[in-house]
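Q:
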Amino acid sequence: MTTTDTARVVHGPKRPGTPALEARGLTKHFPVHGGLRRGRVVRAVEDVSLALPEGTVTAVVGESGSGKSTLSRLLTRLIAPTAGELLLDGEPVGGSARARRAYAGQVHLVLQDPFSSLNAVHSIRYHLRRPLKLHHGLRGPELDARAAQLLERVSLTPAERYLDKFPHELSGGQRQRVAIARGLAVQPRVLLADEPVSMLDVSIRLGVLNLLDELRERERLAILYVTHDIASARYLADTVVVMYAGQVVESGPAVQVTDAPAHPYTQLLLSAAPDPRRREPVVLRGRGAPPSLIDPPSGCRFHPRCPLAMPVCAETAPPVRPAAGDQVAACWLLDPERAPGTTPA
Amino acid sequence: MTGAPVLEVRDLCVDYGVGKGGVRAVTDATLTLRRGEVLGLAGESGSGKSTLAYAVTRLLRAPGVITGGEVRFHGPDGVLDLLEADAATLRRIRWDQISVVFQSAMHALNPVARIDAQLTDALRAHRAQLGAAERRERAVELLRLVGIGEERLRSYPHELSGGMRQRVMIAMALALEPRVVIMDEPTTALDVVTQREILDELMQLKDRLGFAIVFITHDLSLLIELADTIAIMYAGRIVELADAQRLFHSPRHPYTLGLLNSFPALHGERVRMEGIPGAPPALTALPAGCAFHPRCPFALERCAHDVPRLAEPAEPAGPDGAPADRSAACWLHTGGEHVPAPLARVLGSTL
Ligand SMILES: Nc1ncnc2c1ncn2[C@@H]1O[C@H](COP(=O)(O)OP(=O)(O)OP(=O)(O)O)[C@@H](O)[C@H]1O
Ligand SMILES: Nc1ncnc2c1ncn2[C@@H]1O[C@H](COP(=O)(O)OP(=O)(O)O)[C@@H](O)[C@H]1O
Ligand code: SF4
Ligand code: SF4
Ligand SMILES: [Mg+2]
Ligand SMILES: [Mg+2]
């Protein structure tokens, strides 16, 4: 008899030692204001456990509204979770103002829009000196030396060319680099990047992705890369985590998940993604759109769209099961007793 | 593509503003769209794709001005120069013969009118002979074509998802069975699954109804799957024009090569890619010569002062002896220069 797994599955790259940041059972229900639905909630993120070891990139992919941004906002503590906890270097994070400041110094969020994240009336020098003053108490000439160093770390060289520029004088990619440099000023251990390249021109996106790759290697940062572009996730990440309707449905090594997706939703996403090398016409397995998160489907939230759904899928949420190696998925097809002889294509 | 031409654009130039404050947004654009063809227009933000589309359909708004060129539309009553056409002719042709799905289509629907009213109003304006019942029947039929059920007819735009609104826009564009549909980033704001569903439907409709499509997007990897022919724009100029598969497997322009190297692959070994150094130029500060030269890894000395023209590359004819039937605006391909290997691939050798 199969029991619904009670042991918590933690998604993310598997590395020895304590992860830089760990989330246990993170859940966020937003209250619905007004109208007939007053008193109900939007189940934006449901029971997500994630470990981000240093020197790794974890990509979170999924369609719009799947909860990716809510997850990254929870991880920065911009919003409070409905349930679940965060551990920084294995220590539960406290709620005091002091603990919050310390946390903000360790976990930095890079936003999608490099235009709005910088202040138009201040120079790049000002943007970089501020966190150096506030966090490190630096003064005088040392400030400028460190600001220049930060620009070099994000490949804006020679730094003197950029220090006195204003945000509007830089390209989108350069602005995103400045935003990342400012984040590095506080010497974080964890960088959360929510769609950091989706507003940038195509030709300069790779530059920013490669920068994240270098920061992982050189500075041993633990990086969370949120994107709807599964090809870029495959390019950059160690681990890919797939979200659907607020839940993690699959995770595992990036190449493995994209080459041999175990969950029908991951298969659907991959079959729909643009691919110039595609030979055959696309056959979409699972049309339609993600469900409302106010009243999500019972059982497996993907079941109304799933071409392989079985009776059990509408009744009971599937447990997370190993697929191959470090790859796991929440699907009844992976349960030997529920789906004998059936394997996802 | 061998079909008869339906839209021919020759040496089109478009400026924003006049005199000292003016900038040229499209320079010498030359393109031919054939019946039933999907012509893709790709390039980065600001490269002039939308400006080109608006100029061709004479929908360009001030301060935009067409400063030169010719746009020949092959309609049911013969060939017409759209740049010379008067307002009445344009009104008659637009929508009926050439329709446009705008970049901000999600917001192009009237928010206070129901979907059925928006469709039937369009039919009333252009098909006066249809009765109310016929119009309604046609509206139902059109929505069904794009995969929207009859139960949605009485909805307001805000009651529909982004993907459904986009479908309604496509239904409106096809309502009068035009010869040419111009689509400006029609699915960019949508998720991949919805995007794929809509594009599948669009391609089936095209095969059935026979219209030609100009498809504008910055997503070159999508375009290669979708388009027959692709034009790549950079800083207001078409820099390469070729059959989609050729463009993908054997690019000739260094910018095309750079763009192709900016899209990570969905399969195969992971290799580091570099994109393109630098950033696209502002129109107010276009580099002299080839506008791409500050970012070009293969730039020659003359690239900094001579503007290359779009022309057939000087290269040995293909194995079948056929002419290249493609063009690029790059000094590397005008003969006598050493062509770097990635820009000299022959289609077939890489397949
Ligand atoms: N402040 C809020 N109040 C109510 N609902 C919210 C709030 N923020 C997010 N949501 C809802 O939570 C769900 C997940 O939203 P989220 O922004 O995390 O999705 P996403 O995956 O980041 O989507 P996108 O790719 O469009 O940014 C959505 O249904 C959204 O409408
Ligand atoms: N109303 C306008 N006034 C001045 N410049 C404009 C205007 N509209 C567009 N442009 C400029 O024209 C260029 C091409 O714009 P557009 O055709 O919209 O590019 P794309 O659609 O490829 O993103 C850009 O540099 C843009 O800034
Ligand atoms: S659990 Fe059932 S419905 Fe859900 S993805 Fe697996 S087969 Fe499909
Ligand atoms: S003309 Fe010169 S600078 Fe321009 S793309 Fe060709 S080689 Fe590069
Ligand atoms: Mg988001
Ligand atoms: Mg545009």
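Chains as they are written, first to last, in full-length UniProt numbering: chain A, 1 to 345; chain B, 1 to 351.
Heads up, the beta-carbon is just placed ideally off N, CA and C, and yes, glycines get one too.
Between Leu221(A) and the rest of its own chain, which residues show a CB-CB distance below 6 Å, the 5 nearest in sequence each way excluded?
A: Leu191, Leu215
Q: By DSSP, does Lys133(A) sit in helix, in strand, or in coil?
A: In the three-state DSSP reduction, Lys133(A) falls in the helix class (H, G or I).
Q: Can you list the residues near ligand 4, meaning Cβ strictly closer than 5 Å to any non-hydrogen atom, in the order they appear in the chain?
A: Pro254(B), Cys290(B), Phe292(B), His293(B), Cys296(B), Phe298(B), Ala299(B), Cys303(B), Pro308(B), Cys330(B), Trp331(B), Leu332(B)
Q: Any heavy atom of ligand 8 closer than 7 Å to the CB of Leu333(A)?
A: Ligands present in the displayed structure are limited to ligand 1, ligand 2, ligand 3, ligand 4, ligand 5 and ligand 6, and ligand 8 is not among them.
Q: Looking at C-alpha atoms only, which residue of Val42(A), Ser66(A), Leu21(A) is the closest neighbour of Leu269(A)?
A: Ser66(A)
Q: If you reduce the DSSP assignment to three classes, tell me which class His29(A) lands in.
A: strand
Q: Do the CB positions of Leu12(B) and Ala42(B) come within less than 8 Å of each other?
A: no
Q: Return the CA-CA distance between Ser50(B) and Gly183(A), expressed in angstroms with no decimal places.
A: 36 Å
Q: Which one of Ile204(A), Val202(A), Tyr225(A), Ser203(A) has the shortest CA to CA distance from Asp213(A)?
A: Tyr225(A)
Q: What runs of the alpha helix (DSSP H), each 4 residues or longer, lie entirely inside the stretch 261 to 336 of chain B?
A: none
Q: Counting only Cβ pairs nearer than 7 Å, list the residues of chain B close to Arg130(A).
A: Under the 7 Å cutoff, chain B gives no residues; its nearest Cβ is about 26 Å from Arg130(A).
Q: Does any C-beta atom of chain A lie closer than 8 Å to the C-beta of Gly163(B)?
A: yes
Q: Given a cut-off of 8 Å, decide if Ala179(A) and Val110(A) are closer than it, judged by their beta-carbon atoms.
A: yes
Q: List the residues of chain B that Gly207(A) touches, going by C-beta distances under 7 Å, in chain order.
A: Gly275
Q: Output yes or no for whether 8 Å exceeds the beta carbon distance between Leu130(B) and Leu143(B).
A: no
Q: Given a threshold of 16 other Cβ atoms within 10 Å of its Cβ, counted over all protein chains shown, does His33(A) qualify as buried or as exposed?
A: Taking every protein chain shown into account, the CB of His33(A) has fewer than 16 other CB atoms within 10 angstroms, so this residue is exposed.
Q: What do you reckon, are the CB atoms on Arg252(B) and Leu145(B) nearer than 8 Å?
A: Contact annotation: Arg252(B) and Leu145(B) have beta-carbon atoms that are not nearer than 8 Å.
Q: Taking C-beta pairs closer than 8 Å, name the residues in chain B that Leu192(A) reaches, listed in chain order.
A: Within 8 Å Cβ-Cβ: nothing; Leu192(A) doesn't reach chain B, min ~21 Å.
Q: Using beta carbons (cut-off 8 Å, strictly below), is Thr229(B) in contact with chain A?
A: no
Q: Rounding to the nearest angstrom, what Cα-Cα distance links Pro307(A) and Thr187(B) in this structure?
A: 25 Å
Q: Step through the CB atoms of chain A and report whether any lies within less than 8 Å of the CB of Glu225(B).
A: Output row for Glu225(B): interface = yes.
Q: I'd like the ranges of any alpha helix (DSSP H) spanning at least 4 consecutive residues and lying wholly in the stretch 139 to 187 of chain B.
A: 162 to 174
Q: Can you give me the start and stop residues for the alpha helix (DSSP H) that Thr70(A) sits inside?
A: 68 to 76
Q: How is the beta strand (DSSP E) around Phe248(B) delimited, first residue to last?
A: No beta strand (DSSP E) contains Phe248(B), which is instead part of the alpha helix (DSSP H) from 244 to 249.
Q: Excluding the 5 residues flanking Leu50(A) on each side, which residues of the same chain have their C-beta closer than 6 Å to its C-beta?
A: His11, Gly12, Ala23
Q: Looking at ligand 6, does it come within less than 7 Å of Asp219(B), judged from the CB to the closest heavy atom?
A: no
Q: Could you list which residues in chain A have their beta carbon closer than 7 Å to that of Glu44(B), in chain order?
A: Asp201, Val202, Ser203
Q: Which residues, taken in chain order from the stretch 268 to 289 of chain A, show a beta carbon closer than 9 Å to some beta carbon of chain B?
A: Leu268, Leu269, Leu270, Ser271, Ala272, Ala273, Pro274, Asp275, Pro276, Arg277, Arg278, Pro281, Val282, Leu284, Gly286, Arg287, Gly288, Ala289
Q: Give, in chain order, every unbroken run of the alpha helix (DSSP H) that is at least 4 residues long and sits entirely within the stretch 211 to 242 of chain A.
A: 230 to 236
Q: Where Tyr244(A) and Glu197(B) are concerned, what is the direct C-alpha to C-alpha distance, given to the nearest angstrom?
A: 19 Å
Q: Is the closest heavy atom of ligand 3 to the C-beta of Cys13(B) under 7 Å?
A: no
Q: Have a look at the DSSP bridge pairing and note the partners of Phe215(B).
A: Gly40(B), Met183(B)
Q: Among the residues of its own chain, which have a CB less than 7 Å from the CB of Pro131(A), if the five just before and after it don't count?
A: Arg182, Ala185, Val186
Q: Between Val249(A) and Ala330(A), is the Cβ-Cβ spacing less than 8 Å?
A: yes
Q: For Val100(B), which option in Leu59(B), Thr217(B), Met273(B) has the closest C-alpha, if you only look at C-alpha atoms?
A: Nearest of Leu59(B), Thr217(B), Met273(B) to Val100(B), Cα basis: Leu59(B).
Q: Output the distance between the C-alpha atoms of Ala125(B) and Ala85(B), rounded to the nearest integer angstrom.
A: 20 Å
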